[in-house]
Amino acid sequence: MNKFEQFTMLLLTFWVAITVSGCELAGDIFKAGAWTGIIAVVGFIVLVIWLISKLFGGGSRNP
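The opening position of the sequence shown corresponds to residue 1 in the UniProt record's numbering, with each subsequent residue numbered one higher.
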């Protein structure tokens, strides 16, 4: 499986996970408060960026 196929599978998995439970998650975030929502969104974005960087070989320093 090449990098593009891995990225596509990862993106599809995230899309399904977000769309299936999106409404319930949004309701829970609104119940918890604005700061909780902001922290959750920032954490999710950081996680996605980290996963994408690992997927494309980020952090592997070969001399």
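Note that beta-carbon positions come from the ideal geometry of N, C-alpha and C, so glycine has one too.
If you draw a straight line from the Cα of Ala32 to the Cα of Ser53, it comes to about 31 Å. Unbroken alpha helix (DSSP H) stretches of 4 residues or longer found wholly inside the stretch 2–40: 3–32, given in chain order.
Note that the C-beta distance between Phe7 and Leu55 is below 7 Å.
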